[in-house]
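Okay, so here's the structure we're looking at.
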Amino acid sequence: MTELLKINGDMFEKFISEEQIRGRIKELAARINADYSGRIPIFIGVLNGAFIFLSDLIREISIDCEIDFFKLSSYGDAKISSGQVKLLKDLDCQVSGRDIIVVEDIVDSGLSIAFTKKIIEKENPKSLKFVSLLLKKGIPKIDFTIDYIGFEIPRDFVIGYGLDYAQKVRNLKSIYRITPHGTARPE
Ligand code: PRP
Numbered sequence: 139m140t141e142l143l144k145i146n147g148d149m150f151e152k153f154i155s156e157e158q159i160r161g162r163i164k165e166l167a168a169r170i171n172a173d174y175s176g177r178i179p180i181f182i183g184v185l186n187g188a189f190i191f192l193s194d195l196i197r198e199i200s201i202d203c204e205i206d207f208f209k210l211s212s213y214g215d216a217k218i219s220s221g222q223v224k225l226l227k228d229l230d231c232q233v234s235g236r237d238i239i240v241v242e243d244i245v246d247s248g249l250s251i252a253f254t255k256k257i258i259e260k261e262n263p264k265s266l267k268f269v270s271l272l273l274k275k276g277i278p279k280i281d282f283t284i285d286y287i288g289f290e291i292p293r294d295f296v297i298g299y300g301l302d303y304a305q306k307v308r309n310l311k312s313i314y315r316i317t318p319h320g321t322a323r324p325e
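Residues in the sequence shown are numbered from 139 upward in steps of one, following our numbering.
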């Protein structure tokens, strides 16, 4: 039976399990290990959402690497992007001449990743690639490729495994999506 969760009056169903996430991360990491063999990339996690994905991904990375973080915000507590991406914490590392891999939990409207790309490119990296655990289908806002994609998903609102609902539920081990009916009937 589908596992259901009720949060703030909305019903969510289990969508991608812990096991599926773990398996896919191993596959992505294997590709990154092969592609970056002999290099020392810097993984840049986009906070807050990517912190769990990055920490699981990095433990499957067997080549030498470094880590840094950006902090962006565009959603606040809402389900739909405000359309305005704010930089809340800049990078500490030197990007110039380095192989950079940006790590996102989700590319939804594409605004955050496009904003990140612009900022990093200004610093002249040697190379720049993107990994996202989730990619929503049919994103109008990006004209570049996400190099490593965990799961391509429909345009439903999803939570868990780093993704929040009004800042909560990031600690769920699996990913849940809002049910087709969205809001639960009053009890
Ligand atoms: C979420 C998520 C991505 C971004 C994706 O961040 O972590 O960074 O939205 O959405 P987009 O493609 O529409 O820009 P959010 O701004 O909610 O902050 P958070 O990471 O702290 O949850």
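Beta carbons: idealized from backbone N, C-alpha and C, even for Gly.
Query, Result
"C-beta contact flag for Phe150 and Val241 at 7 Å", "no"
"Rounded distance between the beta-carbons of Leu195 and Leu166, thought under 8 Å", "7 Å"
"Cβ contact (3+ pairs, closer than 8 Å) linking the stretch 183 to 199 and the stretch 256 to 265", "no"
"Within 7 Å, strictly: CB atoms of Val245 and Ser219", "no"
"C-alpha gap between Phe295 and Ala252, whole angstroms", "20 Å"
"Nonlocal neighbours in the same chain, by C-beta distance under 6 Å from Ile280, ignoring five residues either side", "Gly248, Ala252"
"Distance cut-off 6 Å: Tyr213 Cβ against heavy atoms of the ligand PRP", "yes"
"beta-carbon Val233 near the ligand PRP non-hydrogen atom, thresh 6 Å", "no"
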